[in-house]
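Just so we're aligned: 459 in the working numbering is position 458 of the sequence shown, and the numbers increase by one with no gaps anywhere. Here a beta-carbon is modelled for each residue, glycine too, at the ideal position from N, C-alpha and C. It should be emphasised that the depicted structure is a prediction, and the values quoted were computed from it without experimental measurement.
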Amino acid sequence: MITGEIKSQVDGIWQVFWEGGIANTMTIIEQLTYLIFIKDLDEIETRNERMAKRLGKEYTKIFNKKQQQFRWKNLKQMDSPARHLIFNDSVNGIFPFIKKLGSEKSLFSTYMKDASFGISKVATFDQVIEKLERLDMSNQDVKGDIYEYLLSKLEGGGTSGQFRTPRHIIKMMVQMVQPSLEDTICDPAAGTAGFLVAAKDYIDKHNSITELDKHKDHINKTMFSGTEFDATMLRIASMNLFLHGIEQPNIVDVDAVSKDNTVSNAYTLVLANPPFKGTIDKDSISPGLKNVTDTSKTELLFLALILRQLKKGGRAAVIVPDGVLFGAGKAFKSIRKEIVENQKLDAVISLPSGVFQPYSGVSTSILVFTKTDNGGTDKVWFYKMLADGKSLDQKRDLLVDDTVFENLSFNGVENAEELHEKFNIPQILDHYRYINSDYFGKMHDENGEVLHVHDIPENLGFDEFLEETCTHNFADRTSQSFFVPASEIIKNNWELTFKSYEEIIYKEVEYDEPSVIISRLHKLNEERLELLNKLNLN
Numbered sequence: 002m003i004t005g006e007i008k009s010q011v012d013g014i015w016q017v018f019w020e021g022g023i024a025n026t027m028t029i030i031e032q033l034t035y036l037i038f039i040k041d042l043d044e045i046e047t048r049n050e051r052m053a054k055r056l057g058k059e060y061t062k063i064f065n066k067k068q069q070q071f072r073w074k075n076l077k078q079m080d081s082p083a084r085h086l087i088f089n090d091s092v093n094g095i096f097p098f099i100k101k102l103g104s105e106k107s108l109f110s111t112y113m114k115d116a117s118f119g120i121s122k123v124a125t126f127d128q129v130i131e132k133l134e135r136l137d138m139s140n141q142d143v144k145g146d147i148y149e150y151l152l153s154k155l156e157g158g159g160t161s162g163q164f165r166t167p168r169h170i171i172k173m174m175v176q177m178v179q180p181s182l183e184d185t186i187c188d189p190a191a192g193t194a195g196f197l198v199a200a201k202d203y204i205d206k207h208n209s210i211t212e213l214d215k216h217k218d219h220i221n222k223t224m225f226s227g228t229e230f231d232a233t234m235l236r237i238a239s240m241n242l243f244l245h246g247i248e249q250p251n252i253v254d255v256d257a258v259s260k261d262n263t264v265s266n267a268y269t270l271v272l273a274n275p276p277f278k279g280t281i282d283k284d285s286i287s288p289g290l291k292n293v294t295d296t297s298k299t300e301l302l303f304l305a306l307i308l309r310q311l312k313k314g315g316r317a318a319v320i321v322p323d324g325v326l327f328g329a330g331k332a333f334k335s336i337r338k339e340i341v342e343n344q345k346l347d348a349v350i351s352l353p354s355g356v357f358q359p360y361s362g363v364s365t366s367i368l369v370f371t372k373t374d375n376g377g378t379d380k381v382w383f384y385k386m387l388a389d390g391k392s393l394d395q396k397r398d399l400l401v402d403d404t405v406f407e408n409l410s411f412n413g414v415e416n417a418e419e420l421h422e423k424f425n426i427p428q429i430l431d432h433y434r435y436i437n438s439d440y441f442g443k444m445h446d447e448n449g450e451v452l453h454v455h456d457i458p459e460n461l462g463f464d465e466f467l468e469e470t471c472t473h474n475f476a477d478r479t480s481q482s483f484f485v486p487a488s489e490i491i492k493n494n495w496e497l498t499f500k501s502y503e504e505i506i507y508k509e510v511e512y513d514e515p516s517v518i519i520s521r522l523h524k525l526n527e528e529r530l531e532l533l534n535k536l537n538l539n
């Protein structure tokens with residue numbers, strides 16, 4: 002969670018750039034990213050050194066003996082002219098070093114070849130180094146939030162209608178789809194590679210070192226893919242992935258929905274937050290996409306693209322603007338029909354409109370679906386997120402404990418019911434995991450109604466879930482969480498908004514009998530006349 006103090010520190014660094022004559026937003030972001038990357042390389046090397054010493058094993062070093070001067074701990078100790086010279090040296094300096102970190106033919110090297118140092122004034126550089134050293138980025142989520150805050154300084158919080166996805170929303174989506182070591186994962190709107198990094202973190206956390214080592218080549222070379230056409234974002238994504246142990250990700254410089262992108266049936270998992278708005282010239286659109294949804298709107302084309310790129314049986318979690326869910330145009334209906342009738346739509350999670358504040362107030366939802374090419378949607382789980390753990394205004398203040406927010410869980414917390422009012426994500430994850438478990442059928446019928454309520458035997462495994470989850474009535478449409486049969490969705494023009502199916506119970510208002518109301522009016526009128534008479538007498 003980025004605090005006011007950290008924002009103030011970042012703004013202070015920003016001000017130093019401005020005062021040093023560097024006013025271009027993208028240039029500042031890029032230069033800061035290079036410095037953060039160099040700082041992180043040293044931190045990774047330090048961790049590896051400690052681990053190797055503790056385990057008595059060798060490890061692949063990032064810096065050889067001649068390159069020790071490039072380590073952050075040594076750079077910050079140098080005198081100003083010498084340090085500035087190392088960054089400026091285009092032959093033997095630090096930038097030629099970072100460009101060669103990837104293999105010679107890797108995409109990392111390709112995208113980093115144009116990386117260059119752009120802080121010409123020694124005094125400005127010194128101040129940036131000093132302030133960056135004070136900025137605590139040891140926590141990966143905080144680092145992600147800092148990137149998010151930096152990128153928010155671009156006009157509108159993003160480019161091409163694309164807004165940076167909050168880290169906790171990314172983590173929730175990743176936990177829902179549970180990436181495995183066998184997956185091939187893609188983000189067709191990669192940006193800074195936040196989804197891919199979160200997927201890698203999940204895989205690292207849920208597998209042993211032995212298993213990770215066994216799949217090392219797959220992780221480094223074939224597991225992670227994406228597309229991004231902004232050169233700066235490509236460099237930032239490459240550095241971000243490299244720092245997370247993904248040395249050769251397949252991040253391609255291409256407009257995802259154009260004719261130039263021909264990838265199909267390639268991935269088992271797609272995680273994405275495609276652009277919320279925008280159009281593309283119809284002549285440049287990949288022909289296959291227009292067969293699914295004949296439109297130039299990017300938010301629809303990306304869904305068609307994801308279906309094309311997924312292998313049969315592949316799954317996706319995608320953020321879409323709510324207009325996709327209720328749009329009355331032919332293109333909107335055709336993409337919804339495709340997902341509901343020809344694929345398997347698993348879940349629709351409505352997000353509160355403040356999730357993308359302060360950059361956008363757009364209403365969005367998450368679609369979770371599986372590519373089958375032969376249907377399979379029996380019923381769809383709908384959930385209305387009312388609270389994401391932060392205030393839904395422009396401040397986005399944290400409303401729950403750091404640990405609860407970090408873990409997206411109420412495990413070990415006594416006041417879970419009270420916290421739920423401020424933070425729905427733990428329930429979302431618990432409900433989704435439960436309805437996809439073997440236990441669901443033991444307590445609920447096919448519509449989601451509870452079959453029986455009793456003391457739950459521990460050997461059934463219900464202790465794995467939150468107390469209320471196992472007895473929740475998933476047929477109750479007055480709740481935040483319920484099922485809707487596919488047949489009902491189809492009859493309703495494939496509309497997928499939560500409000501299309503929720504049941505609102507209005508409190509009955511009791512009125513007096515008309516005769517009583519008339520009598521009361523007569524009395525009021527008499528009182529009015531009496532007051533007027535008194536005024537006239539005076």
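| query | Looking at the unbroken beta strand (DSSP E) that takes in residue 227, where does it start and where does it end? | reply | Within the sequence shown, numbered from 1, the residue matching residue 227 stands at position 226. Where residue 227 is concerned, the enclosing beta strand (DSSP E) stretches over 225-228.
| Mind checking residue 523: buried by the 16 CB within 10 Å criterion, or exposed? | For the purposes of this step, residue 523 is taken as the residue at position 522 of the sequence shown. Sixteen is the threshold: since fewer than 16 other Cβ atoms of the shown chains lie within 10 Å of the Cβ of residue 523, the residue is exposed.
| field | Ranges of the alpha helix (DSSP H) found wholly within the region 211-270, counting only runs of at least 4 | value | 232-244
| request: Round the Cβ separation of residue 98 and residue 71 to the nearest angstrom and send it over; I've been treating them as touching at under 8 angstroms. | output: The residue given as residue 98 occupies position 97 in the sequence shown. The residue given as residue 71 occupies position 70 in the sequence shown. Between residue 71 and residue 98 the Cβ distance is about 5 angstroms, and since that is below 8 angstroms, they are a contact.
| request: With DSSP as the reference, label residue 289 as helix, strand or coil. | output: The residue labelled residue 289 in the question sits at position 288 within the sequence shown. Three-state result, residue 289: helix.
| Unbroken alpha helix (DSSP H) runs of length 4 or more, entirely within the region 384-462: which are they? | 403-408, 417-421, 426-436 and 441-444
| said: At the level of alpha carbons, what is the spacing between residue 1 and residue 60? | reply: With the chain covering 2 to 539 only, the question about residue 1 has no answer from this structure.
| query | For residue 506, is the classification buried or exposed, using 16 other Cβ atoms within 10 angstroms of its Cβ as the cut-off for buried? | reply | In the sequence shown, residue 506 corresponds to position 505, counting from 1. With fewer than 16 Cβ atoms within 10 Å of its Cβ, residue 506 is classed as exposed.
| field | residue 1 versus residue 319 - alpha carbon distance | value | Examination of residue 1 is not possible in this model, given that the chain is present from 2 through 539 alone.
| field | Residue range of the beta strand (DSSP E) that includes residue 28 | value | Locating residue 28 in the sequence shown gives position 27, counting from the first residue. Unbroken run through residue 28 is the alpha helix (DSSP H), 26-56; no beta strand (DSSP E).
| Rounded C-alpha distance that separates residue 425 from residue 203 | By 1-based counting over the sequence shown, the position of residue 425 is 424. By 1-based counting over the sequence shown, the position of residue 203 is 202. Spanning the two alpha carbons is a distance of roughly 21 angstroms.
| said: Taking 8 angstroms as the limit between beta carbons, can you name the residues of its chain near residue 87, skipping five residues before and five after? | reply: For the purposes of this step, residue 87 is taken as residue 86 along the sequence shown, with counting starting at 1. The residues are 70, 71, 76, 79, 94 and 95.
| task | Return the first residue and the last residue of the beta strand (DSSP E) that residue 316 is part of. | result | Position 315 of the sequence shown holds residue 316. 311-322 is the span of the beta strand (DSSP E), which, as asked, contains residue 316.
| the region 213-233 contacting the region 189-198, beta-carbon criterion three pairs below 8 angstroms | Contact holds: three or more Cβ-Cβ distances are below 8 angstroms.
| Taking three-plus beta-carbon pairs below 8 angstroms as touching, is the region 281-291 in contact with the region 321-329? | no
| request: Using the Cα positions of residue 160 and residue 508, report the straight-line distance between them to the nearest angstrom. | output: For the purposes of this step, residue 160 is taken as residue 159 along the sequence shown, with counting starting at 1. For the purposes of this step, residue 508 is taken as residue 507 along the sequence shown, with counting starting at 1. Residue confidence for residue 160 is low, a pLDDT of 45 falling below 50, so the modelled location carries little weight; the figure read from the coordinates is stated next. Residue 160 and residue 508: Cα-Cα distance of roughly 45 angstroms.
| With which residues is residue 350 paired in a DSSP beta bridge? | Position 349 of the sequence shown holds residue 350. 367 and 384, per the DSSP bridge assignment.
| Out of curiosity, what's the CA-to-CA distance linking residue 113 and residue 248? | Taking the sequence shown and counting its residues from 1, one reaches residue 113 at position 112. Taking the sequence shown and counting its residues from 1, one reaches residue 248 at position 247. Approximately 13 angstroms between the Cα atoms of the pair.
| Alpha-carbon to alpha-carbon, residue 180 and residue 166 | On the sequence shown, position 165 is the one that residue 166 refers to. On the sequence shown, position 179 is the one that residue 180 refers to. C-alpha separation (whole angstroms): 19 angstroms.
| Under the three-state DSSP convention, the category residue 198 falls into | Your numbering for residue 198 matches position 197 in the sequence shown. Note: residue 198 maps to helix in three-state DSSP.
| query | By Cβ distance below 6 angstroms, which residues in the same chain neighbour residue 377 in space, the five residues on each side in sequence not counted? | reply | Here residue 377 refers to the residue found at position 376 when the sequence shown is read from its first residue. The residues are 345.
| query | For residue 381, which option in 478, 399 and 416 has the closest C-alpha, if you only look at C-alpha atoms? | reply | The residue labelled residue 381 in the question sits at position 380 within the sequence shown. Checking every option, the nearest Cα to that of residue 381 belongs to 478.
| message | One question on the structure: do residue 268 and residue 185 come within less than 8 angstroms of each other, judged by their Cβ atoms? | response | In the sequence shown, the residue the question calls residue 268 occupies position 267. In the sequence shown, the residue the question calls residue 185 occupies position 184. For residue 268 and residue 185, yes; Cβs fall inside 8 angstroms.
| According to DSSP, residues forming a beta bridge with residue 510 | Position 509 of the sequence shown, counting from 1, holds the residue named residue 510. None, per the DSSP bridge assignment.
| What three-state label does DSSP hand residue 296 in the structure shown? | Position 295 of the sequence shown, counted from the start, is the residue given in the question as residue 296. DSSP places residue 296 in coil when its eight states are reduced to three.
| said: Assuming the contact rule is C-beta atoms closer than 8 angstroms, residue 258 and residue 306 should be a hit. Round their C-beta distance to whole Å, please. | reply: Translated into positions along the sequence shown, residue 258 becomes position 257. Translated into positions along the sequence shown, residue 306 becomes position 305. With a Cβ gap of about 5 angstroms, residue 258 and residue 306 count as contacting.
| request: For residue 6, count neighbouring C-beta atoms within 10 Å of its own C-beta (all shown protein chains included) and say buried if the count is 16 or more, exposed if not. | output: Residue 6 sits at position 5 when you count from the first residue of the sequence shown. Burial call: exposed.
| query | Do residue 496 and the ligand ATP come close, with the Cβ less than 7 angstroms from some heavy atom? | reply | Questions concerning the ligand ATP fall outside what the structure shown contains, since it holds no ligand whatsoever.
| request: Report the option in 200, 187 and 205 whose CA atom is closest to the CA atom of residue 177. | output: In the sequence shown, counting from the first residue as 1, residue 177 sits at position 176. Of the candidates 200, 187 and 205, the one whose C-alpha sits nearest the C-alpha of residue 177 is 200.
| field | Supposed contact pair residue 120 and residue 237 - C-beta distance, whole angstroms, cut 8 angstroms | value | Position 236 of the sequence shown, counting from 1, holds the residue named residue 237. Position 119 of the sequence shown, counting from 1, holds the residue named residue 120. Going by Cβ atoms, the distance from residue 237 to residue 120 rounds to 17 angstroms, so no, they are not a contact pair.
| message | Pairs of beta-carbons, one from the region 353-363 and one from the region 399-407, closer than 8 angstroms: are there three or more? | response | no
| Three-state class that DSSP yields for residue 96 in the structure shown | In the sequence shown, the residue the question calls residue 96 occupies position 95. DSSP places residue 96 in helix when its eight states are reduced to three.
| request: Using alpha carbons as the reference points, say which of 115, 92 and 51 lies closest to residue 32. | output: The residue given as residue 32 occupies position 31 in the sequence shown. Checking every option, the nearest Cα to that of residue 32 belongs to 115.
| At what residues does the alpha helix (DSSP H) containing residue 188 begin and finish? | Within the sequence shown, the letter at position 187 stands for residue 188. Per DSSP, residue 188 belongs to no alpha helix (DSSP H); it is in the beta strand (DSSP E), 186-188.
| task | Measure the CB-CB distance between residue 13 and residue 132 and report whether it falls below 8 angstroms. | result | The sequence position of residue 13 within the sequence shown is 12, counting from 1. The sequence position of residue 132 within the sequence shown is 131, counting from 1. Yes, the pair counts as a contact, with Cβ atoms nearer than the cut-off.
| task | Tell me, to the nearest whole angstrom, how far the beta carbon of residue 347 is from that of residue 371; I am working on the premise that it is less than 8 angstroms. | result | Here residue 347 corresponds to residue number 346 of the sequence shown, with the count starting at 1. Here residue 371 corresponds to residue number 370 of the sequence shown, with the count starting at 1. Yes, residue 347 and residue 371 are in contact; Cβ-Cβ is about 6 angstroms, under 8 angstroms.
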